[in-house]
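If you want it as structure tokens, here you go:
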């Protein structure tokens, strides 16, 4: 019985665990293309999906946005993933400002309102999360990743009323780190 345990320990300790670099398929980030190059020389990019408040939006506006997404999914032929990530709400800047106002004011009624607002911000930071959505798009060639990216931005639109946003290099890298380490906070 003891020999079997010793053999099991030897078998499990003889193999070297894989490192993170071995497991992750991303090889490096290409600044010229603005996307990641994978180990198999394919391309991957991240695009943020702009969310809207559906409750306060007009029905026509919601229906128009649904038609945009429907059109995209009919036209898009490549591989695509939709990712949802939760992030803690950061209200430290607002909290510091309210603390400054509480310390600098002499009006007791105003202090009570400021203190109530400060308590709300503290509660929000502790208990509330923001949910962000991203497209992870893929392409086997440079031209394919560019056309996939252009199709998304042309169909959904970007800018103030668009449903897609470009991400900068740092944010893309942080999102990939967050995918592989759930405890990693994005700043």
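In this note's numbering, the protein residues as written are 21 to 207.
Even for Gly, the Cβ is constructed at its ideal location relative to N, Cα and C.
Checklist entry - With distances taken between CB atoms, is the gap from residue 68 to residue 185 smaller than 7 Å? => result Result yes, Cβ atoms of residue 68 and residue 185 sit closer than 7 Å.
Checklist entry - Any chance the segment 125 to 134 sits against the segment 171 to 189, with 3 or more Cβ pairs inside 8 Å? => result No contact exists between the segment 125 to 134 and the segment 171 to 189.
Next on the checklist: For chain C, check one thing: does any of its Cβ atoms lie closer than 7 Å to the Cβ of residue 77?
Outcome noted: Absent from the structure is chain C; it holds one protein chain and no more.
Item to check | residue 149, enclosing beta strand (DSSP E) - first and last residue | outcome: Where residue 149 is concerned, the enclosing beta strand (DSSP E) stretches over 149 to 159.
Checklist entry - Is the beta carbon of residue 111 sitting closer than 7 Å to the one on residue 74? => result Cβ atoms of residue 111 and residue 74: not closer than 7 Å.
Next on the checklist: Tell me which residues share the same chain as residue 44 and place their Cβ nearer than 7 Å to its Cβ, disregarding the 5 neighbours each side in the sequence.
Outcome noted: Hits under 7 Å: 200.
Checklist entry - Under 7 Å, do residue 168 and residue 98 count as touching if we go by C-beta distance? => result Their beta carbons are under 7 Å apart, which means residue 168 touches residue 98 by this criterion.
Item to check | Backbone secondary structure at residue 80 - three-state DSSP | outcome: It is helical.
Checklist entry - In angstroms, rounded to a whole number, what distance separates the CA positions of residue 133 and residue 122? => result Cα-Cα distance, rounded: 9 Å.
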